[in-house]
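Line by line, the protein sequences are chains V and F.
If you're matching positions, the first sequence starts at 5 in my numbering and goes up one per residue.
If you're matching positions, the second sequence starts at 7 in my numbering and goes up one per residue.
Glycine included, each C-beta is placed from N, C-alpha and C at the ideal position.
This structure is a prediction, so every number in the text was calculated from the model and none was measured.
The block underneath contains the structure these notes are about, expressed in structure tokens.
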Amino acid sequence: MIGRMFFAIRQGFRNVGRNHLFSLASIGTITACLFIFGIFYCIVANFNYMIDKAQTNVGITVFFDTSMTEEQILQMKDAIDLRPEVEHSEYTSADEAWEDFKEQYFPDGDEGILAGLDNDNPLYDCANLTVYLADTSRQSDLIAYIEGLDGVSEINSSGIIADSVTDFSRLISYVSMGIILILALVAIFLISNTVMIGITVRKDEIAIMKYIGATDVFVRGPFIIEGMTIGLIGSVIPVVILRLLYTRVVDFTLTHFTILRNVLTFMDVSDIFRILIPVSLAAGLGIGFLGSYLTLRKHVRV
Amino acid sequence: MIVLDNVCKTYSTGVSALNGISLRIRKGEFVFIVGSSGSGKTTLFKLLLKELEPSSGRIYINNKNIGRLRRRKIPKMRRGIGVVFQDFRLLKDRNIYENIAFAQRVVGKPAKVIKETVPQMLALVGLADKAEAFPKELSGGEQQRASLARALVNNPPILLADEPTGNLDPDNAWEIMKLLEDINKRGTTVVVVTHNQDIVERMQKRVIRLDKGQIVSDEKGGVANDR
């Protein structure tokens with residue numbers, strides 16, 4: 005059994021070398037296909053990552069009527085925390101808001117001007133609750149709920165940004181999926197042709213194998229290996245290229261667009277490639293297998 | 007061993023190749039199947055290998071009705087039949103040893119067995135010193151011996167030969183026939199399709215003659231042509 009497997013593998017490799025022109029064309033197409041896939045994956049994954057980051061950093065801020073006591077607000081906080089779309093919320097009292105304000109705008113502690121205000125907090129009506137969402141797509145539900153609560157005076161949210169960004173990343177995924185599908189079909193077609201040439205070249209050998217009593221699996225094995233080898237090579241190349249490019253592009257963006265540094269938080273290389281590598285390899289092998297298998301089923305029957 | 011029961015074959019083009027062939031070949035027999043071109047010899051040959059399906063009738067090989075064989079089981083059935091062709095059909099890109107070993111690799115014999123059997127077969131057909139040679143370096147007779155060795159290396163009970171001497175000069179042809187007779191004496195059933203009259207007459211074996219898809223004579227020591 006193992007001997008037979010080696011036989012198939014040896015023959016398969018030999019075939020790849022024998023029709024190198026067609027093999028190269030097939031490898032090239034798969035490389036292009038998976039390269040584009042990889043680029044889009046990196047973009048979409050990073051996009052989603054950044055949106056997620058942005059969303060967890062930006063919550064809804066709820067302000068209250070001055071008639072509300074701190075106790076009432078904390079009760080409301082408990083109710084809001086129980087909502088499924090809420091991750092957590094933070095209460096900031098009017099005094100804390102004043103402290104924050106001072107710290108932010110007068111970090112040197114210019115006590116002279118400010119000291120007089122401490123007992124007469126200018127932000128007396130600024131006690132607020134910042135709600136962080138676990139699921140931003142349900143932000144509008146939560147806003148409707150909070151608006152319905154007594155004692156709420158104002159809600160600040162950034163809903164529009166979140167929605168349009170999600171739409172954009174969805175558009176990118178659809179477009180990339182379309183391109184990848186077309187390229188995958190082209191790749192399958194090319195592999196099918198490559199294998200077809202192999203079959204034609206080895207027509208005599210196949211005929212003899214059949215007379216000797218070779219099984220379908222035995223005759224087809226080398227061609228399947230050929231297709232899958234092409235697929236494998238075609239998937240390793242783009243992964244290597246992307247790996248080399250990724251850190252460079254990230255570095256380039258961060259050094260040349262310093263303004264965006266706060267918005268652009270890129271995913272770690274290892275996080276991207278932990279998914280990209282297995283998916284690319286599986287896709288390459290799958291395309292290779294399919295391309296050769298479909299041809300064999302049509303043309304090589306014992 | 008080989009039984010045909012009222013076998014007919016009509017091609018999809020409407021050409022009728024075999025019209026009701028019934029015959030029985032026993033274990034260990036040596037049989038010539040003769041007839042002019044278009045008599046149905048080749049069709050019969052292909053039916054025995056299950057390369058073609060009969061339009062009607064039954065074919066038994068080693069007591070198995072091969073018409074009922076599942077597609078998956080065809081390879082196993084073919085391993086019971088060694089085949090030799092007029093044009094040798096050796097693989098040009100490997101040497102003689104590899105050509106014969108190939109037949110054993112195909113059926114999944116372990117490397118150890120291959121190493122033992124191939125030299126034995128080469129010795130049997132008298133090519134022990136040509137193991138490293140490539141097919142194009144051999145004479146026609148030598149190539150046919152190599153293809154015989156390949157057909158027999160898996161020890162099939164039946165050997166089918168389609169015009170095995172068709173491309174050979176009389177001396178070499180005779181050598182091959184003697185070899186086939188030796189193989190037959192070792193117990194292998196040998197069926198030779200040919201139209202080489204000299205050989206058929208010299209060998210004095212059972213001769214089945216086909217004409218227009220029917221058996222017109224079947225006798226011991228028969229001749230290839232009507233006189």
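Review point. Taking I237 of chain V as the reference, which of V:Y95, V:F44, V:A286 and V:V304 has the closest Cα?
Key: Here residue 237 of chain V is taken as the residue at index 233 of the first sequence, counted from 1. It is V:A286.
Check your understanding: Quick one: does M7 of chain F have its CB under 9 Å from some CB of chain V?
Key -> Numbered from 1 along the second sequence, position 1 holds the residue referred to as residue 7 of chain F. No, M7 of chain F does not count as interfacial toward chain V.
Review point. Mind checking G288 of chain V: buried by the 16 CB within 10 Å criterion, or exposed?
Key: Mapped onto the first sequence, residue 288 of chain V falls at position 284. Its Cβ being crowded by 16 or more others within 10 Å, G288 of chain V is buried.
Check your understanding: Are there 16 or more other CB atoms within 10 angstroms of the CB of K155 of chain F, so buried, or fewer, so exposed?
Key -> On the second sequence, position 149 is the one that residue 155 of chain F refers to. First, the amino acid is wrong: residue 155 of chain F is Ala here, not Lys. With 16 or more other Cβ atoms within 10 Å, it is buried.
Review point. Name the chain V residues whose beta carbon is nearer than 8 Å to that of V113 of chain F?
Key: In the second sequence, the residue the question calls residue 113 of chain F occupies position 107. Per Cβ cutoff of 8 Å: I216, G217 and A218.
Review point. When Cβ atoms are compared, which residues of the region 71-90 of chain F fall closer than 9 Å to chain V?
Key: Of all residues in the region 71-90 of chain F, R77, R78, I80, P81, K82, M83, R84, R85, G86, I87, G88 and V89 have a Cβ within less than 9 Å of some Cβ in chain V.
Check your understanding: Of all the residues that make up the region 94-121 of chain F, which are near chain V by a beta-carbon distance shorter than 7 Å?
Key -> R95, L97, A109, R111, V112, V113, G114, P116 and A117
Review point. Taking the alpha-carbon positions, what's the R233 of chain F to G225 of chain V distance?
Key: As a position in the second sequence, residue 233 of chain F is number 227, starting the count at 1. As a position in the first sequence, residue 225 of chain V is number 221, starting the count at 1. Here R233 of chain F scores only 43 on pLDDT, less than 50, and its place in the model should not be relied on; the value that follows carries that caveat. Taking the straight line from one Cα to the other gives about 53 Å.
Check your understanding: Quick one: what's F38 of chain F bridged to in DSSP?
Key -> Position 32 of the second sequence, counted from the first residue, corresponds to residue 38 of chain F. F38 of chain F pairs with F:V198 and F:V213.
Review point. With distances taken between CB atoms, is the gap from N160 of chain F to V113 of chain F smaller than 9 Å?
Key: For the purposes of this step, residue 160 of chain F is taken as the residue at position 154 of the second sequence. For the purposes of this step, residue 113 of chain F is taken as the residue at position 107 of the second sequence. For N160 of chain F and V113 of chain F, yes; Cβs fall inside 9 Å.
Review point. What number of angstroms, rounded off, separates the C-alpha of I210 of chain V from the C-alpha of V223 of chain V?
Key: In the first sequence, residue 210 of chain V corresponds to position 206, counting from 1. In the first sequence, residue 223 of chain V corresponds to position 219, counting from 1. Each residue's Cα considered, the two are about 7 Å apart.
**Study point:** C-beta contact flag for L187 of chain V and I40 of chain V at 9 Å
**Key:** Position 183 of the first sequence, counted from the start, is the residue given in the question as residue 187 of chain V. Position 36 of the first sequence, counted from the start, is the residue given in the question as residue 40 of chain V. Yes, the pair counts as a contact, with Cβ atoms nearer than the cut-off.
Practice item. Can you tell me which of the three DSSP states A139 of chain F falls into? Key: Counting from 1 along the second sequence, the entry for residue 139 of chain F is found at position 133. Looking at A139 of chain F - three-state DSSP - the assignment turns out to be coil, as it is neither helix nor strand.
Check your understanding: Do three or more CB pairs link the region 88-99 of chain V to the region 126-146 of chain V at distances below 8 Å?
Key -> yes
Point to revise | Simplified DSSP state of S43 of chain F, which is helix, strand or coil | key: Numbered from its first residue, the second sequence carries residue 43 of chain F at position 37. Note: S43 of chain F maps to coil in three-state DSSP.
Point to revise | Interface flag, R305 of chain V vs chain F, CB-CB below 9 Å | key: Within the first sequence, residue 305 of chain V is the residue found at index 301, counting from 1. Yes, R305 of chain V lies at the interface with chain F (some Cβ there is under 9 Å from its Cβ).
Practice item. Please report how far the alpha carbon of F293 of chain V lies from the alpha carbon of L146 of chain V, in whole angstroms. Key: What you label residue 293 of chain V is simply residue 289 of the first sequence in a count that begins at 1. What you label residue 146 of chain V is simply residue 142 of the first sequence in a count that begins at 1. Cα-Cα distance, rounded: 49 Å.
**Study point:** Residues in the region 24-57 of chain F having any Cβ partner in chain V nearer than 9 Å
**Key:** L55 and E57
Review point. Who are L165 of chain F's beta bridge partners in DSSP?
Key: Locating residue 165 of chain F in the second sequence gives position 159, where the first residue counts as 1. Bridge partners of L165 of chain F: F:G88 and F:V196.
Review point. For L10 of chain F versus R76 of chain F, is the C-beta distance shorter than 9 Å?
Key: Mapped onto the second sequence, residue 10 of chain F falls at position 4. Mapped onto the second sequence, residue 76 of chain F falls at position 70. It is not a contact, given that the beta carbons lie outside the stated cut-off.
Check your understanding: Any Cβ of chain F within less than 9 Å of the Cβ of F17 of chain V?
Key -> Counting from 1 along the first sequence, the entry for residue 17 of chain V is found at position 13. No, because no Cβ of chain F sits closer than 9 Å to the Cβ of F17 of chain V.
Review point. Closest Cβ-Cβ distance between R64 of chain F and chain B: below 9 Å?
Key: No chain B appears in the structure shown, which is made up of the protein chains V and F.
Exercise for review: From the DSSP output, in three-state form, read off R233 of chain F for me.
Suggested key: Stepping through the second sequence from its first residue, residue 233 of chain F is reached at position 227. Legend: pLDDT at R233 of chain F = 43, less than 50; position of this residue unreliable, value from coordinates given subsequently. Here R233 of chain F sits in coil by DSSP.
Exercise for review: Below 6 Å CB to CB, which residues in the same chain sit around L186 of chain F once its five sequence neighbours on both sides are set aside?
Suggested key: What you label residue 186 of chain F is simply residue 180 of the second sequence in a count that begins at 1. Cβ neighbours of L186 of chain F beyond the five flanking positions: V196.
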